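What follows is a single structure, written as structure tokens, with notes after it.
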Amino acid sequence: MNHNYIDNTKLPPPPATQPAFKAPPGSCDCHCHVFGPYDQFPLAPDRTYGPPQAPVGTYLAMLDTIGMDRGVLVQASAHGMDNSAMLNAIAQHPDRLRGVAVVKGSITKPELIDLYKKGIRGLRFSRLLNPDGTPRYKNTVDVSEMTGLLPTLRELGMHVQLWIGLEQLPELEPMIRTAGIPLVVDHIARLEATVGVENKHFQQLCQLVKEGYLWVKLTPYRCSTLYPDYPDVKPFHDKLVEANPDRLLWGSDWPHINMSRDIPDPGYLLDLLAKWTKDQDIIEKILVKNPAQLYGF
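Taking the UniProt record's numbering, the leading residue of the sequence shown gets 1, the next gets one more, and so forth.
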């Protein structure tokens, strides 16, 4: 454990309220996590944070509350590379859920095919680093390990989810432009809203989105300290919508791991999306059409 370790393992997941906005049929929460039950699916002993126990039934109840039909479960580092909790959840609800797994680059083609059959549509690779160059989160797999998997991912119609920061874009752009599969960036590339929309790396992100090379998950609260409305993130949202609404996804990021205060309400986050976006056709792309295309609903 590190000195910033936040232990929420004994707490219930944060509640959600019903949003004022009514999501269109087929709407999808494209970024969330399930944890546990811990007596069946224990956490990795060596982890960076302690998440609340958040089994699939609790997650689906949250989805029902905010009016979403579908969800995409993303393997989180607290479960390490044991994808069992997520796979078990998808197996119980194969029509409603898809998954993004974490695996080593040494995974075999038959193993990837098996994951695909079990509802996995993407693999998550990371390059979030501490100042000393070590991984910020334990149990993650570096982006460099995805290269050998690209032919099989392309064949299966799978994608890669990149857990990276804006500052990694210059070194990764050649790979991004030649990967030949969809690449999805987590959490608006972990930008800090204080950098401003003219930041050169954010401009690079917008250009790659505009050209169709990158997809972006809109999870604004990770980018701002201005809870609960995050007004400093709206200009970034607007620029991404302007760049290419066909490459945007929305995620609740439930159960809001590694937080001790200002934990957001998924229903309110959905209302923010509707308030910021306004255009109903674009909202439907973000919530329904884009996820259906990427995750195969």
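Even glycine gets a Cβ: it sits at the ideal position worked out from N, Cα and C.
None of these values were measured; they are calculated from a predicted model.
Thinking C-beta only, is V141 closer than 9 angstroms to V102?
yes
Would you list the one or two residues that DSSP bridges to C28?
R70
DSSP state of S84 mapped onto helix, strand, coil:
helix
Under 9 angstroms between C-beta atoms of P19 and L270:
yes
Hey, out of Y221, C30 and L218, whose CA is closest to G122's CA?
C30
Per DSSP, V184 is paired with what?
Q161 and W215
Any idea if T194 is buried or exposed, counting beta-carbon neighbours within 10 angstroms, 16 or more meaning buried?
exposed
8 angstroms CB neighbourhood of S84 in its chain, flanking five on each side removed:
F41
State yes or no: is the C-beta of L149 within less than 9 angstroms of the C-beta of L183?
no
Compare the beta carbon distance of G80 and R98 with 9 angstroms and say whether it is the shorter of the two.
no
What residues in its chain sit with their C-beta under 8 angstroms from that of Y5, if we drop five residues either side in the sequence?
T48, Y49 and G50
In angstroms, rounded to a whole number, what distance separates the CA positions of G251 and D186?
9 angstroms
For N2, name the three-state secondary structure that DSSP assigns.
Summary for N2: the model assigns pLDDT 37, below 50, so the residue's position carries little reliability; its value from the coordinates is reported in the next sentence. Coil, per DSSP.
Where DSSP assigns a beta bridge to I120, which residues make up the other side?
G99
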